[in-house]
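First to last, the protein sequences are chains E and F. Mapping of the first sequence onto the working numbering: position 420 corresponds to residue 420, and the numbering continues sequentially without gaps. Going from the second sequence to the working numbering is simple: count from 1 and add 570. To keep things clear, I will list the structure first and then write my remarks on it.
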Amino acid sequence: MIKRIKVGAGSCGLAAGAGAVRDYLKEHITDIDIVDVGCIGHCYAEPIVEVETDSGSYFFEHVDVSKDLVENIRNLEGPSDFLGRPSRKDQEHIKVTALAGHIDPESIDEYIANGGYSGLEKALSMKPGDVVEEVKKSGLRGRGGGGFPTGLKWSFLAGKDADQKILICNADEGDPGAFMDRSMMESVPHQLLEGMLIGAWAMGATQLFIYIRAEYPLAVKHLTTAIEQVKKRGLNKIGDRSVDFNLKEGAGAFVCGEETALIHSLEGKRGNPRYRPPFPTDYGFKGYPSLINNVETFSNIPLLVREGGETFASVGTEKSKGTKLFALAGDVQYPGLVEVPMGITIGEIIYDIGGAEEGSVKAVQIGGPSGGCIPAELFDTPVDYDSLRQLGAIMGSGGLIAIGNNRCMVETARFFLEFTTRESCGKCTFCRVGTKRMLETLEKITGGNGTEEDIAFLSDIAPKIIKGSLCGLGQTAPNPVLTTLRYFENEYLAHVRDKQCPALQCDALVDLKLDKEKCIECNLCIKNCPVNAISDDYIIDNDTCTRCNTCIELCPVNAIERVNQGVKSV
Amino acid sequence: MESTLQKLDELKGDRSNVIKALQLIQVHEGFISDTSIREVAEAFSMPAVEVEGIVSFYAQFKRNQPGKYMISVCDGTACHIKGSPQVLHWISDELGIGDEETSDDGLFSIERVACLGCCSLAPVMKINDEIYGQLNRKKTMKILKQYQKEPAND
Ligand SMILES: Cc1cc2nc3c(=O)[nH]c(=O)nc-3n(C[C@H](O)[C@H](O)[C@H](O)COP(=O)(O)O)c2cc1C
Ligand code: FES
């Protein structure tokens, strides 16, 4: 018997059309409960419908609004077995995301029925200092990028004697290509709140802030609901006092993910970072001792307290404990949110979980604009804080983007520098001007005007930016360039020496070529070219062509391709 | 605007609410006008240049009236890798406006944004509050046509 129908309606599901699916189902199935849930991580299969029955759950992927859908659901016909795909069978490591996409994010009862707030209950039965000890024992390190030991940070704030102590959750998730925090907040908002409440008890915090990215309206909505529910149930009463949550929306500045900038932004100011020390635990929000942890860090806490620090530490490597969430995207077959034990290799994530074909991916970008590109030869590197750092990359917050063979690494580096140049707050000259100079140089190279001196210049200026910048933004901005130079120097050389883009991506270095043998003269390309660059006898004028690729996309017989310049169109 | 001013009144006691106040104004008016800057400065008893400084720092704040439909083309890492520059190209060609521009009829604005958090569906764009994923040329054009066709209804 069908008990309930769940529609995956996180932002990703909605973008894939889950809203229409849910509305349609509600209209056509009135005898069964239909609820919106968050994301189970298999974003590639959205929209997803889960049918809960007496005998377990059935999943339908890529569902379409149609009569058949209702029939199929009622008869449980043709459900997908994607949870059984070799990649994601390893369910024992699904811990932090265990409830994501499985419960109604707006129901506190469901969270509680699945063990929610039992971590808080247990923590409240312990001495605050013992909770901090447990976090220390777990070996949990910050998931926001830096990897600072969480227990140690907690002991700093716990040791402070002040009339106000502030706990801040960093939900700014600024790395482009990262969506772990969004997914957690949309899918299980209570888990974050529980983690923060445990923190408030352990460290004696008096005020709780969540600084959330403005681009995440659904997460804001679910958190707002969850906060109200917590208040109504009195769960924010810890010991003999009660603490309140404050949800503050950011306003679109990447640097505000940096903790001192974040605090300035919370105070209503421009989000400029400042020199540390003093660290926020000494001098934070409005001068009060403040502690900042990431969404995923806090979301680990309820689990950690429930099972105890030692059990928590049994997963992972010597210095990186527990599991890590990755936002897997780019050139893989199964992009989505994955949770893996620390120490798993990059290759296992890309090939086994992501389903990428061996040999189709030449690198991964890990850690966003502060991270680096790791080449396929090094995919047996274990994912832990220290191994990644040795390669010039960082764990980062969890963005993991597979870069296929047909992408240009110089262009990828340029992309990141464009990002950091735009997001640099401008306070430090080396960051403000240095990233700009790097960007100009990279543009020169991708534009076909680069020389070998330009490559040398990049290597020369990078360490200066690293040394001359006050905050992590500038200190890590050159990483994407340094790692691509280190592992893909041949691509840089091809651009400057041969004026060729091996991946055929850099517009200035490629022409479009129409193969008359293949062409069936269907006229589609001529008709649709926005700049009329294709003549009536099917010759592409590459001087007029803007390389928008419209014709390539439209050609039914793939007669048009990008080629290195020199091979002029016939 | 009445209610916004009322709300401003509630917020003005605490300087840390400046950003929130500006966000509120933008939700109501679509952008931050010179008048709004003066009003906020007054409400929080701070110099107008300081408010202007805050507004210019944060990418979210717009100083010009945007089009009725704001097309946010994601150019985050995943989308960039999956061809967002082409998507922007197509939309620009179709509407005759570029990044950060508004069409003459006031219907469309285009902006490039860094990651909408739907990277697994890259390339992605957002039109007002609606997110569209797995864009190719055909799909993008089809979506645009829908908005071009129904300029009147809200
Ligand atoms: C430029 C910059 C951007 C950052 N962005 C984020 C972010 O979006 N989310 C985050 O959790 N941490 C971010 N961080 C790291 C924070 O400064 C801080 O280390 C972290 O939130 C601490 O939490 P954790 O110990 O739980 O990781 C950023 C750091 C820098 C330098
Ligand atoms: S990179 Fe486009 S949604 Fe994340």
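Note that CB positions come from ideal geometry on N, CA and C, so glycine has one too.
> Beta carbon of E/LEU554: closer than 7 Å to some heavy atom of ligand 2?
Replying inline: no
> Taking 8 Å as the CB-CB cut-off, is F/ASN634 touching chain E?
Replying inline: Output row for F/ASN634: interface = no.
> Taking 7 Å as the cut-off, does the CB of E/VAL96 come closer than this to any heavy atom belonging to ligand 1?
Replying inline: no
> Just curious, the alpha helix (DSSP H) that E/CYS169 is in, first and last residue?
Replying inline: Residue range 166-171 is occupied by the beta strand (DSSP E) that includes E/CYS169, with no alpha helix (DSSP H) assigned at that position.
> If you compare alpha carbons, which of E/GLU258, E/LYS221 and E/PHE279 is closest to E/GLY271?
Replying inline: E/GLU258
>> Output needed in chain order: residues of the stretch 365-376 of chain E with a Cβ under 9 Å from some Cβ in chain F.
In response: Cβ contacts with chain F: GLN365, GLY368 and PRO369.
>> Using only CA atoms, which one of E/GLY450, E/PRO79 and E/TRP154 lies nearest to E/GLY199?
In response: E/TRP154
> Is E/VAL338 closer than 8 Å to E/ILE350 when the C-beta atoms are compared?
Replying inline: no
> When the Cα atoms are used, what is the spatial distance from E/ASN523 to E/VAL563?
Replying inline: A direct Cα-to-Cα measurement between E/ASN523 and E/VAL563 gives close to 22 Å.
> Given a threshold of 16 other Cβ atoms within 10 Å of its Cβ, counted over all protein chains shown, does E/GLY434 qualify as buried or as exposed?
Replying inline: buried
> Which ranges does the alpha helix (DSSP H) cover as unbroken runs of at least 4 residues, wholly within the stretch 55-139 of chain E, from first to last along the chain?
Replying inline: 67-75, 108-113, 118-124 and 128-138
>> Tell me which residues of the stretch 682-699 of chain F have at least one Cβ-Cβ distance to chain E shorter than 9 Å, keeping chain order.
In response: VAL683, ALA684, CYS685, LEU686, GLY687, CYS688, CYS689, SER690, LEU691, ALA692, VAL694, LYS696 and ASP699
> Roughly how many angstroms separate the alpha carbons of E/HIS93 and E/LYS518, rounded to a whole number?
Replying inline: 51 Å
>> Report the start-end ranges of each beta strand (DSSP E) in the stretch 228-253 of chain E that is 3 residues or longer and not cut off at the edges.
In response: Inside the stretch 228-253 of chain E, DSSP marks whole beta strand (DSSP E) runs of 3 or more residues at positions 244-249, from first to last along the chain.
>> Suppose contacts are defined by Cβ-Cβ distances below 8 Å. Is E/CYS3 in contact with E/ASP36 by that definition?
In response: It is worth fixing the name first, because residue 3 of chain E is Lys in this sequence and not Cys. Their beta carbons are not under 8 Å apart, which means E/LYS3 does not touch E/ASP36 by this criterion.
>> Between E/ILE552, E/PRO176, E/VAL481 and E/LEU504, which has its C-alpha nearest E/LEU442's C-alpha?
In response: Checking every option, the nearest Cα to that of E/LEU442 belongs to E/VAL481.
> By the 10 Å Cβ neighbour count, where 16 or more other Cβ atoms means buried, how is F/ASP669 classified, buried or exposed?
Replying inline: exposed
> Relative to ligand 1, is the shortest distance from any of its heavy atoms to the C-beta of E/LYS153 smaller than 7 Å?
Replying inline: In this structure, ligand 1 has a non-hydrogen atom nearer than 7 Å to the beta-carbon of E/LYS153.
>> Quick check on the DSSP output: what are the complete alpha helix (DSSP H) runs of length 4 or more inside the stretch 290-374 of chain E, in order along the chain?
In response: 295-307 and 309-312
>> Against F/GLY623, what residues of chain E qualify as contacts under a CB-to-CB distance less than 7 Å, listed in chain order?
In response: For F/GLY623, the chain E residues whose Cβ falls inside 7 Å of its Cβ are ARG270, in order along the chain.
>> By the DSSP assignment, the beta strand (DSSP E) with E/LYS6 in it spans what residues?
In response: 2-8
> Would you say the stretch 31-49 of chain E touches the stretch 97-107 of chain E, given that touching needs at least three Cβ pairs under 8 Å?
Replying inline: yes
> What span of residues does the beta strand (DSSP E) with E/LEU208 cover, start to end?
Replying inline: 207-212
>> Could you check whether the Cβ of F/TYR717 sits closer than 8 Å to any Cβ belonging to chain E?
In response: no
> Is there at least one Cβ from chain F nearer than 8 Å to E/SER569's Cβ?
Replying inline: Annotation note: pLDDT 40 at E/SER569 (below 50); position unreliable, no value reported.
> How would you list, in chain order, the residues of chain E whose beta-carbon sits under 9 Å from the beta-carbon of F/ARG585?
Replying inline: GLU267, GLY268 and LYS269
> Taking contact to mean at least 3 C-beta pairs separated by less than 8 Å, is the stretch 205-224 of chain E in contact with the stretch 544-560 of chain E?
Replying inline: no
> Should F/VAL643 be counted as a contact of ligand 2 given a C-beta to heavy atom distance under 7 Å?
Replying inline: Not so, every heavy atom of ligand 2 lies at least 7 Å from the Cβ.
>> Within a Cβ cutoff of 6 Å, which residues of the same chain sit near E/ILE526, ignoring the five residues on either side of it in sequence?
In response: ILE534
> Could you name the residues, in chain order, whose CB is less than 6 Å away from a heavy atom belonging to ligand 2?
Replying inline: E/PRO176, E/GLY177, F/CYS644, F/GLY646, F/THR647, F/ALA648, F/CYS649, F/CYS685, F/LEU686, F/GLY687, F/CYS688, F/CYS689, F/ALA692 and F/VAL694
> Which residues does DSSP pair with F/SER654 in a beta bridge?
Replying inline: BP columns for F/SER654 are empty, so no partner.
> Can you tell me whether DSSP reads E/VAL35 as helix, strand or coil?
Replying inline: strand
> Distance, Cα to Cα, E/ALA202 vs F/ALA692?
Replying inline: E/ALA202 and F/ALA692 have their C-alpha atoms roughly 41 Å apart.
>> Determine, for E/GLU339, whether the minimum Cβ-Cβ distance to residues of chain F falls below 8 Å.
In response: no
> Just the Cα atoms here: how many angstroms apart are E/ALA456 and E/VAL21?
Replying inline: 55 Å
>> Quick check: is the beta carbon of E/PHE60 nearer than 8 Å to any beta carbon in chain F?
In response: no
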